[in-house]
């Protein structure tokens, strides 16, 4: 019997979390959430059940958007995205996410890609799943240095 890898457990868990969604959107840098969504589609297809729509940003094959993020934001605002994965350089216990940088802004000692509409999606998509493969004190902190997307 082969050993089950932690990533495989995450993929199966994500597929279970997504059960029942009509449309899930995943960022280009989120291979584990994307694999979980693809697994759910395969499970549904095999059972003859309706498959959820999957949009992997940046993908040609798994993305029905023709204008990228503009359409993602439109679909989300219209209630047509049921789940979205969001990560962050820092995440605190209130669900605040920092995608800008660590340290005092604007002289942050570490810079990340930026918010990219995460605060909007956080509020309009009904099921936002915070996902970060690295679980360390560097990522999960008491208070984020910059709030890109506010939690509760």
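Residue numbers (our numbering): 6 to 157. Where is the CB? At the ideal position from N, CA and C, for every residue including glycine.
- Residue 44 sits away from residue 23, with the two beta carbons spaced by 7 Å or more.
- Contact annotation: residue 88 and residue 152 have beta-carbon atoms that are not nearer than 7 Å.
- The residues 81, 86, 89, in chain order, have a CB closer than 6 Å to that of residue 130 in the same chain once the five nearest residues on each side in sequence are set aside.
- Here DSSP, grouped into helix, strand and coil, assigns residue 12 to helix.
- Taken atom to atom, the span from the alpha-carbon of residue 144 to that of residue 132 is near 21 Å.
- Under the three-state reduction of DSSP, residue 96 is assigned to strand.
- By the C-beta criterion, the segment 55-70 is judged to be in contact with the segment 35-42, since at least 3 inter-stretch pairs fall below 8 Å.
- Per DSSP, the unbroken beta strand (DSSP E) holding residue 91 starts and ends at 88-91.
- Residue 60 sits in a strand when the DSSP states are folded into three classes.
- For residue 31, the secondary structure class from DSSP, reduced to helix, strand or coil, is strand.
- Between residue 127 and residue 91, the beta carbon gap of about 7 Å places them in contact (Cβ cut-off 8 Å).
- Approximately 13 Å separates the beta-carbon atoms of residue 21 and residue 57; this is outside 8 Å, ruling out the contact.
- In this structure, the alpha-carbon of residue 136 lies about 11 Å from that of residue 95.
- For residue 35, the number of other beta carbons within 10 angstroms of its own is at least 16, and it is reported as buried.
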